[in-house]
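Residue numbers (the working numbering): 50 to 411.
Note that CB positions come from ideal geometry on N, CA and C, so glycine has one too.
Below: the structure, in structure tokens.
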């Protein structure tokens, strides 16, 4: 007869390999009734694979609700036994890892505020040695892929074989639409670096409010993410933390039903022939763009020589403003967003400045 421990390991392994993987549950475990009732409602949807709950909550300011602590772990264990859902919690210290595993938590995740600190990640990794448990790693608060990748390497060196990534967005100055700016290009780069690693999107922390959760979740699926982590609460408006970004289990079910789950590929010869032709066109255009960029940089270098010979500063603010305004006018006519054009021109401008700087300073 299969032992309970072996059955649990088999269950979480099956969930780990499932696509899409859906993780949901309250931001914070508040009371036993709140956690168990929410878990039961989520299980009834038939769409949730893993139950999450915040046990320890690292908060920006003291005095805010920082989690119920280890006393909530038996509640989570009970919810799992009643619903059959595997569980996952965030851990930030070695003691939290030990406590979570004592109460049969099936999967752990390292939060953004921990990923940013290599000392904390190493403490968690050391506590994981010799343990067969899946670990998800959220991106660090700041947009630093090396920190994110470093956390992956530290956990991997603890002989953890099942490691996944959670994209929860990044703090950025001037960001107004999202709680944490998605910066999709960084998540895509991590997918490129770790192509075989599970990548889960966390719309709740990216959005910070429930009205735009669906849009972000759909975009993540369109970008071939492997799953979603969405916070759900039996009564979101009364939640003790992050009330605005949580949804009821019923609403979560509606969202998951509405998402268009796309495939990465189709077995159609005509599709691939048409796609290959369009991709070849993209290749030619990219080659032309690179040739033009190289030509532009050669001209920038000549300008640098003139500035050096006449003791003129590299940065000419008026000229740069003229380039931007002219480009914005043309971009509007061509249907290109100002945000894209600004980021593109900023990158080109910085490369031009770097080249001129090398010329002017030998």
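Environment of residue i [buried if 16+ CB atoms lie within 10 Å]
i, result
"residue 138", "buried"
"residue 164", "buried"
"residue 83", "buried"
"residue 320", "exposed"
"residue 68", "exposed"
"residue 323", "exposed"
"residue 64", "buried"
"residue 393", "exposed"
"residue 362", "exposed"
"residue 331", "exposed"
"residue 291", "buried"
"residue 366", "exposed"
"residue 386", "exposed"
"residue 6", "The structure shown has nothing for residue 6, since the chain only spans 50 to 411."
"residue 77", "buried"
Among the options, nearest to residue i - alpha-carbon criterion
i, options, result
"residue 401", "349, 375, 364 and 361", "349"
"residue 303", "69, 59 and 91", "91"
"residue 184", "170, 194 and 190", "170"
"residue 262", "235, 189 and 295", "295"
"residue 70", "403, 389, 379 and 246", "246"
"residue 293", "301, 258 and 266", "258"
"residue 300", "193, 281, 288 and 153", "281"
"residue 188", "168, 219, 177 and 179", "219"
"residue 81", "305, 121 and 357", "121"
"residue 152", "202, 104 and 393", "104"
"residue 192", "133, 343, 239 and 362", "239"
"residue 309", "270, 361, 377 and 154", "270"
"residue 221", "411, 190 and 118", "190"
"residue 248", "284, 225, 211 and 366", "211"
"residue 159", "132, 125 and 106", "106"
"residue 215", "326, 182 and 253", "253"
"residue 94", "368, 305, 329 and 118", "305"
"residue 226", "255, 125 and 266", "255"
Close beta carbons around residue i, own chain, < 6 Å, minus the five adjacent residues each side
i, result
"residue 101", "72, 74 and 137"
"residue 389", "none"
"residue 176", "143 and 146"
"residue 397", "none"
"residue 50", "Low confidence applies here, because residue 50 scores a pLDDT of 37, under 50, leaving its location unreliable; read the following figure in that light. Here the set comprises nothing."
Spatial neighbours of residue i in its chain, beta-carbon cut-off 8 Å, leaving aside the 5 residues before and after
i, result
"residue 404", "346, 349, 350 and 353"
Per DSSP, cross-strand counterpart(s) of residue i
i, result
"residue 29", "Outside the shown range of the chain (50 to 411) lies residue 29, about which nothing can therefore be said."
"residue 73", "100 and 279"
"residue 321", "DSSP output for residue 321 lists no bridge partner at all."
"residue 137", "101 and 156"
"residue 186", "159 and 214"
"residue 342", "DSSP, once it has assigned bridges, lists no residue as partnering residue 342."
"residue 296", "281"
"residue 274", "In the DSSP output, where bridge partners are listed per residue, residue 274 has none listed."
"residue 219", "230"
- Touch check for the segment 270–283 and the segment 314–323: three-plus C-beta pairs under 8 Å? no
- Task: Determine contact between the segment 231–239 and the segment 202–213, defined as no fewer than three beta-carbon pairs at a distance below 8 Å.
- Result: no
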